[in-house]
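Colleague: Below is one structure. I have some questions about it.
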Amino acid sequence: MKEKQVHIDFENSIGPWLGRTGKITDYFIQESFKLNNLDLTKEQMIVLKKLNDQDGLNQNELAFLTLRNKSSLTRLLTKMEGKKYIFRKQSKEDKRIKNVYLTEFGKEVFENTKPVIQNIISTMEQNITVEEKQQIIKIFKKIQTNFCSTAEHI
C-alpha cells in the first residue's frame, strides 16, 4: 500500500507567522526591560500585573491565570521572592494554600514597567487601524477557542 504524500504550505498557514511574531515580541520585551534597567522577565511582569490587579491570589489561581503549571510557577515565584518583588504567606483557612502578595518594591517595579509596556504596545500597533486590531484580536480568540476545544479530544 502506497502512502499518500501530504503537502503542507507552511508560509501560508497561521502557525509560523504566529510563532515568529511571538518570538519577536518576547525579544522586544526583554530588550526593552534591559534598556530601562528593569531586572525582570516577561513571565515575572505578567505575575506582577496579575497581583497588581488582585493581590493575595493563591498559587493555584495564579497558575491558572498565567497559564503555567504549578511547578514552573513555584520556580518563578521563588526567583521573584529572591528579587524581593513578592512574598508568600500561608492561608489562615487552609495551611496547604499559600497566597502571593506584592511587596512595596514589587509594586514600584510594576509601576516602572508601565511606560515601557506602553511603548511596546505603541510600537506593536503602529500602522494598524483600530478595525485591524479588533480583527486580529477576534482571530486570536478563535484560534485559542479552536485549541481549547481540540485539547478535550487529544
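Numbering-wise (our numbering), the sequence shown opens with residue 197 and increments by one.
Just so it is clear, CB atoms sit at the ideal spot from N, CA and C, and this is done for glycine as well.
For Arg284, name the three-state secondary structure that DSSP assigns.
Modeller: Three-state DSSP puts Arg284 in a strand.
Colleague: Helix, strand or coil: which one does DSSP assign to Asn315?
Modeller: Helix at Asn315.
Colleague: Around the C-beta of Thr309, are 16 or more other C-beta atoms found within 10 angstroms, so that it is buried, or is it exposed?
Modeller: When all chains shown are included, Thr309 counts as buried.
Colleague: Any beta carbon from chain B within less than 9 Å of Phe306's own beta carbon?
Modeller: Annotation note: the requested chain B is absent from the structure, which comprises a single protein chain.
Colleague: Strictly by DSSP, which residues pair up with Tyr297?
Modeller: Beta-bridge pairing links Tyr297 to Phe283.
Colleague: Ignore the nearest five residues each way along the sequence and tell me which others in Ser287's own chain have a CB closer than 8 Å to its CB.
Modeller: So the qualifying residues of the chain are Asn254, Ile293, Lys294 and Asn295.
Colleague: Beta-carbon separation of Leu272 and Val243 under 9 Å?
Modeller: A contact, by the Cβ cut-off of 9 Å.
Colleague: Near Lys329, which residues of its chain fall below 8 Å by C-beta distance, leaving aside the five closest residues on each side in sequence?
Modeller: Taken in chain order, the residues that qualify are Glu321.
Colleague: What does DSSP give as the partner residues of Asn254 in its beta bridges?
Modeller: DSSP output for Asn254 lists Asn295 as bridge partner(s).
Colleague: Buried or exposed: Val202, going by 16 or more other Cβ atoms within 10 Å of its Cβ?
Modeller: Exposed, since its Cβ has fewer than 16 Cβ neighbours within 10 Å.
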